[in-house]
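2 protein chains.
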Amino acid sequence: MQADPCRVTLTELKNNCSNCNLRDLCMPVGLKPAELEQLDQLVSARRRVHKGEHLFRTGDSFHSMYAVKTGTFKTVINNADGSEQVIGFQMTGEILGLDGLGAGQHMCDAVALEDSEVCNIPYDSLDDLSQQFHTLQMHFHRIMGREIVKDQSVMLLLGSMRAEQRLAAFLVNLSERQKARGFSSRDMVLRMTREEMGSYLGLKIETVSRTLSKLQKDALIRIEQKNLSILDTAGLQALATGRLH
Amino acid sequence: MQADPCRVTLTELKNNCSNCNLRDLCMPVGLKPAELEQLDQLVSARRRVHKGEHLFRTGDSFHSMYAVKTGTFKTVINNADGSEQVIGFQMTGEILGLDGLGAGQHMCDAVALEDSEVCNIPYDSLDDLSQQFHTLQMHFHRIMGREIVKDQSVMLLLGSMRAEQRLAAFLVNLSERQKARGFSSRDMVLRMTREEMGSYLGLKIETVSRTLSKLQKDALIRIEQKNLSILDTAGLQALATGRLH
DNA sequence: CGGTCCCTTGACAGACATCAACTATTGTGG
DNA sequence: CCACAATAGTTGATGTCTGTCAAGGGACCG
Chain A
0 MQADPCRVTL TELKNNCSNC NLRDLCMPVG LKPAELEQLD QLVSARRRVH
50 KGEHLFRTGD SFHSMYAVKT GTFKTVINNA DGSEQVIGFQ MTGEILGLDG
100 LGAGQHMCDA VALEDSEVCN IPYDSLDDLS QQFHTLQMHF HRIMGREIVK
150 DQSVMLLLGS MRAEQRLAAF LVNLSERQKA RGFSSRDMVL RMTREEMGSY
200 LGLKIETVSR TLSKLQKDAL IRIEQKNLSI LDTAGLQALA TGRLH
Chain B
0 MQADPCRVTL TELKNNCSNC NLRDLCMPVG LKPAELEQLD QLVSARRRVH
50 KGEHLFRTGD SFHSMYAVKT GTFKTVINNA DGSEQVIGFQ MTGEILGLDG
100 LGAGQHMCDA VALEDSEVCN IPYDSLDDLS QQFHTLQMHF HRIMGREIVK
150 DQSVMLLLGS MRAEQRLAAF LVNLSERQKA RGFSSRDMVL RMTREEMGSY
200 LGLKIETVSR TLSKLQKDAL IRIEQKNLSI LDTAGLQALA TGRLH
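Same order as they appear, the protein sequences are chains A and B.
Position 214 of the first sequence, counted from 1, bears residue number 213 in numbering that gives the first Met the number 0, the numbering being contiguous throughout.
Position 153 of the second sequence, counted from 1, bears residue number 152 in numbering that gives the first Met the number 0, the numbering being contiguous throughout.
Right, dumping it as C-alpha cells:
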C-alpha cells in the first residue's frame, strides 16, 4: 500500500519556516537563524489535502512527518475486528506521523476534517540535520516526549472520567489550543462530528449529544451545530479537573 | 523536588550491555560492536529499587532514562483531584522515563512492584552519543515511536472495549511480553494487585475480580492468587480482538 | 498469632449503550 | 435554484454493564 497521490495535491511551494507565523508553536521553536535556514531547506514542500481525504493510511511506509500549516486532521486506528477509533485531532502547528517511527510504517490513518495544508518534514533529512544541530535534535525529542505525555493524559481521561467530565476536559483542551494559536478561547468551530468526538472520548454519539445539551442547560457552554461558545470557563475547567461533584 | 536517594540503593556496579542477555530487547538492539562498547561507557551504573519504592516521582527533574534489568515497575499519573491512575507496567528490558523528555521533568511516578534493578541511561550522554552514532539515534527514535503506538493501543482498549475484552487483551499482552523474554507464555506471575490492574484498564477492583472469575469459569484461564495459567490462548486472543460475541 | 491488606462474591443502583423516531443540515443532480 | 436523498444531530424509552455498598474469607507480614 502506498500513499495515494490520486486526489492529494502536492504543491511544490517553497516553505519558509523562518517567516512562518507558526514558528513559535511548531518545529522551529528556539532555533538560531542559521539552524532555521537549514530547516527551511529540509521542509521543502507543502501538500494540500481536501476535506475527507487521507494524508496517510495505516500500513503506508513511513518517510515523512507532517506539520499542519492550515486546517484540522483526525487520526484513526483500525481495530482488528473492523471497528475504528479516533485517537487524536491535530490542528495548526501540530505534528502528524510520529506513530510511524516505531515500525517504519504508519499505524493509523490521518484524515483532513476540512481543506488543509501540511508541511512535509522528511524523516531522513531531519535525522541528518539533527546530527549536525543539537538544538534541533533536542527539540525533536521534546516533541516526541510531549506526544507521549499527551497520549497518557488521554488514557487518564478514558480510564477514570465520566461522560460530562470527558466532554468538559475535551472542550477546555480545544479552547486552550485555540488560544495558544491566537484565536478566541471562547468561541470556536468544532471541525469534527459528534460521532468523531464520541469515538475519541470513548462515548456513543447519543451520549455526546445529550451531554452537550446538558452542559448548555447548565449555562457552561452554548452550542449550535458546530459553533461552540464557552460561557463559563472556570466552571467548565472545574468540571474537567473533577473539582465538582 | 529531587530524586530521593533516601531508600534507593545506588550500586556502582559496572554495566555491560555487550554481555547483557537483554541486549536483543533493550537499548542495544542492532548496534555494532564498536557502538556497543560506547554504550557500555554510557550506561554506567545500576540501581536497586525495592518493592514499593519509587524510581522517580512526578516533578523530579529529568536527567536519565532507565532500562529495567530485573523486576517490574508500574507508572502512575496523579490527577488534579487527587485520584491516580496506572498508565503502564514495565518489565525486563523495557525503558522507563521517556515521559520526562517533553517538559524536562517526570510527569508520572515509577514504582517497583517487586525488588528490581535498573540500568541508568543518562539522557545527555545518550544525546551526545546519538550524534556520533546514527544507528543509536535511529534506535532511540524507534523506541519512542513504539512507546507512542503502545499508548495509542491502550487508548483503543480504554475507549472501545468492554471489561472482559480489556482483561483478555491485557493478559494476552502480558503473555506475549513474557514469551519475548524467553519465559513461558502460558504460566506467569501477575506482579500487580487487582486494583492496579483495574486502574490501568479503567475498571474497579470488583469488576476485575469478577471478570477474572468468569474467564476461569469459561476455561480460558486458571488463576490462583497471583499465579496465572492461560488454558486457551486462541480463545483468549479471539476475545481480546473482538472476534467473539 | 493477630492485624492489615488483598481478594471474592452478592445485592442494588446508576451511567451509558442501544433501539427508535424524528428533525435539521448538507450535498447532489436535474 | 430547487427537490430529494443522504448525512448529522437530538431526544425519549428501555436495557445492560459496570460501579457502589457491604460482608466475609484468605494470604502475608511483623
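Beta carbons are placed, not taken as given, at the ideal position from N, Cα and C, and that holds for glycine.
Quiz item: B:A79 CB to nearest chain A CB: under 7 Å?
Solution: As a first step, residue 79 of chain B is located in the second sequence; it is residue number 80 there, counting from the start. B:A79 counts as touching chain A.
Quiz item: Would the beta-carbon of A:E116 fall within 7 Å of that of A:R45?
Solution: Counting from one through the first sequence, the residue named residue 116 of chain A turns up at place 117. Counting from one through the first sequence, the residue named residue 45 of chain A turns up at place 46. Yes, Cβ-Cβ distance for A:E116 and A:R45 is below 7 Å.
Exercise. Would you mind telling me which residues of chain A sit closer than 8 Å to B:M106, beta carbon to beta carbon, in chain order?
Key: Along the second sequence, one-based indexing puts residue 106 of chain B at 107. Correct list: V148, Q151.
Quiz item: Measuring CB to CB, does A:L97 end up less than 7 Å from A:A109?
Solution: Start at 1 with the first residue of the first sequence, and residue 97 of chain A comes out as number 98. Start at 1 with the first residue of the first sequence, and residue 109 of chain A comes out as number 110. Their beta carbons are not under 7 Å apart, which means A:L97 does not touch A:A109 by this criterion.
Quiz item: Are there 16 or more other CB atoms within 10 angstroms of the CB of B:G201, so buried, or fewer, so exposed?
Solution: Residue numbering aside, residue 201 of chain B sits at position 202 when the second sequence is read from its first letter. Answer is buried; the Cβ neighbour count reaches 16.
Self-check item: 8 Å contact criterion, which A:G181 and B:G101 should meet: CB distance rounded
Solution: Working through the first sequence from its first residue, we reach residue 181 of chain A at position 182. Working through the second sequence from its first residue, we reach residue 101 of chain B at position 102. Not a contact, Cβ separation roughly 23 Å.
Quiz item: Candidates B:F55, B:D217, B:K225: which alpha carbon is nearest B:D231's?
Solution: Sequence index remark: in the second sequence, residue 231 of chain B carries index 232 (1-based). Nearest option by C-alpha distance: B:D217.
Exercise. Would you mind giving the Cβ-Cβ distance between B:S184 and B:E175, rounded to the nearest angstrom? I have them listed as a contact below 8 Å.
Key: Taking the second sequence and counting its residues from 1, the one referred to as residue 184 of chain B is at position 185. Taking the second sequence and counting its residues from 1, the one referred to as residue 175 of chain B is at position 176. B:S184 to B:E175, Cβ: 7 Å. Contact.
Quiz item: If you follow the alpha helix (DSSP H) that B:P32 is part of, which residue opens it and which one closes it?
Solution: Locating residue 32 of chain B in the second sequence gives position 33, where the first residue counts as 1. Taken as a continuous stretch (DSSP letters only), the alpha helix (DSSP H) holding B:P32 covers 32 to 41.
Practice problem: Determine the DSSP secondary structure at A:E195, reduced to helix, strand or coil. | Solution: Counting from 1 along the first sequence, the entry for residue 195 of chain A is found at position 196. Reduced to three states, the DSSP call for A:E195 is helix.
Quiz item: Count the other CB atoms within 10 Å of the CB of B:R190; is the residue buried (16 or more) or exposed (fewer)?
Solution: Residue mapping note: residue 190 of chain B aligns to position 191 of the second sequence, counting from 1. Here B:R190 is buried: its Cβ has 16 or more other Cβ atoms, across all protein chains shown, within 10 Å.
Quiz item: Under the three-state reduction of DSSP, which class applies to A:A2: helix, strand or coil?
Solution: Mapped onto the first sequence, residue 2 of chain A falls at position 3. Reliability fails at A:A2, whose pLDDT of 45 lies under 50, so the model's placement of it is uncertain and the value that follows must be treated cautiously. Looking at A:A2 - three-state DSSP - the assignment turns out to be coil, as it is neither helix nor strand.
Exercise. Please decide whether A:Q130 counts as near chain B, where near means a Cβ-Cβ distance under 7 Å.
Key: In the first sequence, counting from the first residue as 1, residue 130 of chain A sits at position 131. Proximity of A:Q130 to chain B, defined by a Cβ-Cβ separation below 7 Å, is satisfied.
Quiz item: Counting contacts by CB-CB distance shorter than 7 Å, is A:T240 in contact with chain B?
Solution: In the first sequence, counting from the first residue as 1, residue 240 of chain A sits at position 241. Yes, A:T240 lies at the interface with chain B (some Cβ there is under 7 Å from its Cβ).
Quiz item: Below 7 Å between beta carbons: does that hold for A:I120 and B:Q151?
Solution: Along the first sequence, one-based indexing puts residue 120 of chain A at 121. Along the second sequence, one-based indexing puts residue 151 of chain B at 152. No, the pair does not count as a contact, with Cβ atoms beyond the cut-off.
Quiz item: So B:E223 is in the beta strand (DSSP E); what residue range does that whole segment cover?
Solution: As a working mapping, residue 223 of chain B is identified with position 224 in the second sequence. Secondary structure note for B:E223: its beta strand (DSSP E) is the uninterrupted segment 220 to 223.
Self-check item: Continuous beta strand (DSSP E) assignments of at least 3 residues falling wholly in the segment 141 to 224 of chain A
Solution: 186 to 188, 220 to 223
Quiz prompt | Where A:F61 falls: helix, strand or coil (DSSP) | solution = Residue numbering aside, residue 61 of chain A sits at position 62 when the first sequence is read from its first letter. Coil, per DSSP.
Quiz item: Using the C-alpha atoms, what's the distance from B:C107 back to A:Y65?
Solution: Within the first sequence, numbered from 1, the residue matching residue 65 of chain A stands at position 66. Within the second sequence, numbered from 1, the residue matching residue 107 of chain B stands at position 108. Each residue's Cα considered, the two are about 28 Å apart.
Quiz item: If the cut is a Cβ gap below 7 Å, which residues of chain B does A:R141 touch?
Solution: The residue labelled residue 141 of chain A in the question sits at position 142 within the first sequence. What A:R141 touches in chain B: L100, G101.
Quiz item: Can a CB atom of chain A be found closer than 7 Å to the CB of B:R145?
Solution: Here residue 145 of chain B refers to the residue found at position 146 of the second sequence. Yes, B:R145 counts as interfacial toward chain A.
Quiz item: Mind pulling the chain A residues with CB within less than 8 Å of B:L170?
Solution: Within the second sequence, residue 170 of chain B is the residue found at index 171, counting from 1. Within chain A, no residue comes near B:L170; the closest Cβ sits about 16 Å away, beyond 8 Å.
Quiz item: With DSSP run on the structure shown, which of helix, strand or coil describes B:G99?
Solution: Translated into the one-based positions of the second sequence, residue 99 of chain B becomes position 100. The answer is helix: DSSP assigns B:G99 an H, G or I state.
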